[in-house]
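Numbering (this note's numbering), first residue to last: -4 to 199.
All C-beta atoms, glycine included, are put in the ideal place defined by N, C-alpha and C.
Please read all numbers here as calculations on a predicted model, not as lab measurements.
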Amino acid sequence: MLGAVTRRRWLVWTIALLLVCLDIGVAYGAGTHSTAFYLVNNGVLVLMTVGITNLWVQGGMKARDLTLLGVGLTVYDYLATAAFPLMAAMFDRLSGLPFSPMIGWRVGAGLVGGIGLGDVLLATIFPLVMWKAFSRTAGLIAAGLALLALAGVFSLLSNDRVFPAMVVLGPIMLAQYLFWRWRCGAERTTQQFRAALSAPLSIP
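Written out as C-alpha cells, the structure reads:
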C-alpha cells in the first residue's frame, strides 16, 4: 500500500520499520488492552488490509474463486469457532501479543469488542472483486450488505462470546455471486474492466 503512495523504497521500508517498532513498543509499554495499542494496531491492520486487497484485485482475483474461498472459510469458521473452541483460544493467546490479528476496541471496563483480520479482508475485497467482475452497482451492493451483516453480528454478540462472522458473510457472498452471474453472465476480465473505466460517459 505504501508503495502506491511513494516510489522511494527507502521511505517505504522506513515507515514500515517505524510501524513495527511502534506496535511492539506500545504493546509492551502501555499494554495490549490499552487505547493506544488499539489505535496503533488497528492502523497497522487497516494498512495491511488495503495493501493485500489491492494485490489480490490487481492480480486478477475472480469473483468465482473468492466466493469459493468464502464458502470454504464459512465451514472452517463454524467448526473452529462454534463447534470447537479453537478460535476463542487463539484470540485469547494472541490478544496479549503485538500485531494481534484483530481490529479491536474497548466497550467497557475490562471488555473488548473486535473483528478478526480474516473477516475484514473478505468483507473488504469482495465488493472490489464484484465491481471488477460485474459492475459498479454490484460492488456497491456488496459493500452495503457487508456493512449490514457485520453490524448485525456485532448487535447479537454478548460480552464474552466469539461469533463466526463468516457464517453470515459467506452465504451472502454466495447469493450475490449467483445472482450477478445469472444477471450479467460471465465475469469481466481485468482488461475489460479497465476498458470500461476508461470509456467516456454517455450523457442522454
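Check whether residue i and residue j have beta carbons under 9 Å apart
i	j	result
PHE121	LEU42	no
GLY113	MET161	yes
The alpha helix (DSSP H) enclosing residue i, as first and last residue numbers
i	result
PRO122	112 to 128
VAL45	30 to 53
GLY180	That residue, GLY180, is in no alpha helix (DSSP H); it is neither H nor E in DSSP.
GLY91	Note, GLY91: premise wrong, no alpha helix (DSSP H); not H, not E.
THR132	131 to 151
TYR71	58 to 72
THR184	Counting along the chain, THR184 falls outside any alpha helix (DSSP H), and DSSP gives it neither H nor E.
THR9	4 to 24
Residues near residue i by beta carbon distance below 6 Å, same chain, minus five either side
i	result
SER197	For SER197, the predicted model reports a pLDDT of 47, less than 50, meaning its position is unreliable; a value from the coordinates is still stated below. Around SER197: no qualifying Cβ.
THR76	MET82, VAL157 and PRO159
MET56	VAL124
CA-to-CA distance, residue j to residue i, given in whole angstroms
i	j	result
ILE10	ARG178	45 Å
TRP51	PRO96	19 Å
PRO199	GLY165	Because PRO199 sits at a pLDDT of 41, beneath the cut-off of 50, its placement in the model cannot be relied upon, and the point is left open.
GLN186	MET125	15 Å
VAL0	PHE149	Only weak support exists for where VAL0 lies, its pLDDT of 49 falling under 50; the coordinates are left without a value.
VAL7	VAL39	14 Å
ARG88	SER130	41 Å
LEU192	LYS127	10 Å
VAL163	GLN171	13 Å
Those residues which DSSP pairs with residue i across a bridge
i	result
ILE98	ILE110
Sequence-distant residues of its chain with Cβ nearer than 7 Å to residue i (five each side left out)
i	result
PRO80	none
GLY91	THR27
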